[in-house]
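What the sequence shown shows, in the working numbering, is residues -9 to 601, in sequence order. All C-beta atoms in this analysis are idealised placements derived from N, C-alpha and C, irrespective of residue type, glycine included.
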Amino acid sequence: MCGIVGYVGKAQAAPILLDGLSKLEYRGYDSAGMAVYDGQQINIQKATGRLKVLSELTHDGEIMPGTVGIGHTRWATHGEPSDTNAHPHFNKSRTIALVHNGIIENYQKLKNLLSEKGYEFYSETDTEVVVNLLDYYYNKYGKDMLTAVTKVMHRVEGSYALGIIFQDHPDLVYSVRKDSPLIVGMAQDGNLIASDVPAVLKYTRDVYFIENQEIACLSEHDIRFFNEDGDEIQKEAKHIDWDINAAEKNGYEHFMLKEIYEQPKAVRDTISPRIKDGQIEIEELGMSDEEIKAIKKIHIVACGSAYHTGVTNKYVFEGLARIPVEVDLASEFRYRNPILNEGDLLIVISQSGETADSLAALRLAKEKGITTLGIVNVVGSSIAREADRVMYTWAGPEIAVATTKAYSCQLVALYLLALKFAGVRGEISDETMKEYLRDIEMLPNQIESLLGNQERIQKFANRYVAAKDVFFIGRGIDYAISLEGSLKLKEISYIHSEAYAAGELKHGTISLIEDGTLVTAVVTQEDLYKKTISNIVEVKTRGAVVMAITNDDNLEIEKCADYTIYVPKTNQYFTNSLAIIPLQIFSYYVSVGRGLDVDKPRNLAKSVTVE
Ligand code: G6P
């Protein structure tokens, strides 16, 4: 995690670094820092807390003059959040400053070696080891920066994206990466490095995606690239078409609310270009009908909310395409020695395309010779590049740490994929296909209609801002929806919540129900209405207050639920896309009601690039 930026050019660096970091705070926000060369020496300013503390400390960068610099926003791994542990870090003579995103796994061994050579360390970070190792090689190899950087790359184990400035060559920014994201932006008055595209969009739309173990060397007018042997290589810039406003709040109080409201458009953008004349065409997928027919089993791996879209779509793939599906948390999959056979397809779902565990699971499958497919939002991200096949979710940049629109786009992307597979494998007729596609095409408008209901949900949320525990129950796809509803609530409100398969309640969970406990029941699967209603009655008998989310034809629910939110009726496979909307709104308003930082919940980060 963590976000890094760097700038060299005509303009003052510090304000550009602060602006870039503000777009990267989603990657971590426990402390921040900048290093700027002022014409004579490198100055560093660091501050614990949000970026605004650093902005205030440096008067929006004004007290740090200079046109070359690097910056960092941190999510602590080694060493608590503190001014000392915040980046950038200096070598002992304060002539090299470095920022780092990632984890150096062999840092202790390297630290011992450097200590034996007389190096001393002021912080608990793995990063300080890297800057001193760089110092060591820089001095050992005739003050040749490129050689020093390549030597460091060969010695450190783990993941890193580094931004480096050297006092001896103050007109340059060096950068290098392995398993942590890094891009280089080519702007009119200078050049930039960043962990992610939104950080540079204000200055340029032309970016280079840096591959593993490539080095970039930036000056005001030039960008040069080198491989790990130090040989110069050529790279092609990519033009980014994103709307810059998408990365701004546009009058909404929080990014999360804005992104909730962007869902009709995001879902439409993900669906529309792919439905043509009653058929599904996924342009970038590049899978032949033969390949699709040959699939014997699907493994879905992902983390967080993306995992929940996998759980939902297990039902969809198995129900529609009749292909067996296993869904795993990526962090579990990679260490459980999974059985992967010829004919299996591994689908990795990831908004960022950078989640370390998901990426590792993908690599494992590739090693075993299994075809891999990434369902990814960020174009050009590691998973998008490394997977054999890719399907994009066109959600646009998502800033709030708690995902909403990217999650909704993952859902519909997978519905389309499942339907495509079902059609090619002859599991559904053309007629049924058309019917399903009609249902899918209606989802954006139906989501829109649900967004009009927010005031009612807000009032209900306000009553539960002081809740201690909240339970979510459902069966089948409703259970998958409950998983996401529960995660949304707990991650941004810090209220303890759990999701349970409704039928499992009586095997222990029901003992947690007390007078007044809020239970959210998701009841959208028609075949299971009666079963879940029985479970609602069971918890009500024990004193629970029940909020039900159900289809607008299930009036039966009024008899047992205390509060009901109706969602438009759609095909049973696609109900998640509608039922999740009120749950997102509910969580949002509980968090707002508790006065919390909705977009940046404590201890979390949006892109988790460490194990
Ligand atoms: C983090 C985020 C979640 C996200 C998960 C997976 O935990 O806070 O919102 O679902 O990572 O991220 P990915 O980018 O792989 O979808």
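Non-local beta-carbon contacts of Phe564 in its own chain, meaning distances under 7 angstroms to residues more than five positions away in sequence, involve Tyr405, Asp429, Ile430 and Leu433 in chain order. Distance from the C-beta of Gln444 to the nearest heavy atom of the ligand G6P is not below 7 angstroms. Exposure of Ser501 is indicated by the presence of fewer than 16 other C-beta atoms within 10 angstroms of its C-beta. Exclusion of the five residues before and after Phe111 leaves Lys101 and Glu118 as the residues of its chain whose Cβ lies within less than 7 angstroms of its Cβ. Looking from the CA of Leu335, the closest CA among Lys286, Glu70, Asn561 and Thr507 belongs to Lys286.
DSSP places Thr63 in no alpha helix (DSSP H) but in the uninterrupted beta strand (DSSP E) bounded by Val58 to Arg64. Out of Ala37, Ile288, Lys99 and Ala87, the CA that lies nearest to the CA of Ala76 is found in Ala37. Shortest Cα-Cα distance from Ile365 to any of Ser372, Ala377 and Met381 involves Met381.
As for any alpha helix (DSSP H) of minimum length 4 sitting wholly inside the segment 0 to 65, the runs are 3 to 14 and 41 to 47, ordered along the chain.
At the C-beta level, Cys399 and Val598 stay beyond 8 angstroms of one another. Residue burial annotation: Tyr251 is buried, with at least 16 other C-beta atoms found within 10 angstroms of its C-beta. Around the C-beta of Lys248, 16 or more other C-beta atoms lie within 10 Å, and the residue is accordingly described as buried. Within the same chain, Cβ atoms closer than 7 angstroms to the Cβ of Ser295 are found at Thr393, Tyr397, Glu474 and Leu477, the five residues on either side in sequence being excluded.
With distances taken between CA atoms, Leu363 lies nearest to Ile288 out of Tyr305, Val58, Ile288 and Tyr297. Within the segment 488 to 576, the runs of beta strand (DSSP E) that reach at least 3 residues and sit entirely inside it are, in chain order, 508 to 513, 535 to 541 and 553 to 557.
A buried status is given to Glu481, since no fewer than 16 other beta-carbon atoms sit within 10 Å of its beta-carbon. Between Gly92 and Ala456, the alpha-carbon positions lie close to 37 angstroms from each other. Exposure of Pro263 is indicated by the presence of fewer than 16 other C-beta atoms within 10 angstroms of its C-beta. The C-beta separation of Gly300 from Ile290 comes to about 4 angstroms, placing the pair in contact by the 8 angstroms criterion. Runs of the beta strand (DSSP E) lying entirely within the segment 277 to 303, each at least 3 residues long, are 287 to 292 in chain order.
Annotated as proximal: Gly370 and Phe199, with beta-carbon spacing under 8 angstroms. Taken in chain order, the complete beta strand (DSSP E) segments of 3 or more residues contained in the segment 310 to 367 are 315 to 319, 334 to 340 and 361 to 366.
Counting only runs of 4+ residues, the alpha helix (DSSP H) found wholly inside the segment 168 to 252 occupies 245 to 251, in chain order.
Phe450 and Tyr426 have their alpha carbons spaced roughly 34 angstroms apart. Of the candidates Arg84, Thr140, His159 and Glu344, Glu344 places its Cα closest to the Cα of Ala595. Under the three-state reduction of DSSP, Ile447 is assigned to helix. The shortest C-alpha to C-alpha distance from Val580 to any of Lys530, Asn561 and Val460 is the one to Val460. For Leu594, the Cβ falls inside the 7 angstroms cut-off from some heavy atom of the ligand G6P.
In the DSSP assignment, no residue is bridged to Leu433. Checking the 7 angstroms criterion, the Cβ of Gln341 is within range of a heavy atom belonging to the ligand G6P. Checking the DSSP bridge columns, you'll see Met381 partnered with Ile365. Beta bridge pairing from DSSP links Asn102 with no other residue. Just so you know, the alpha carbons of Phe411 and Leu495 end up roughly 35 angstroms apart.
Distances between the C-beta of Ala66 and the heavy atoms of the ligand G6P are all 7 angstroms or more. In this structure, Thr194 places its C-beta atom within 8 angstroms of the C-beta atom of Gly175. Using a Cβ-Cβ distance cut-off of 8 angstroms, the segment 58 to 77 and the segment 31 to 48 are in contact, since at least three pairs of beta carbons, one from each stretch, lie closer than that value.
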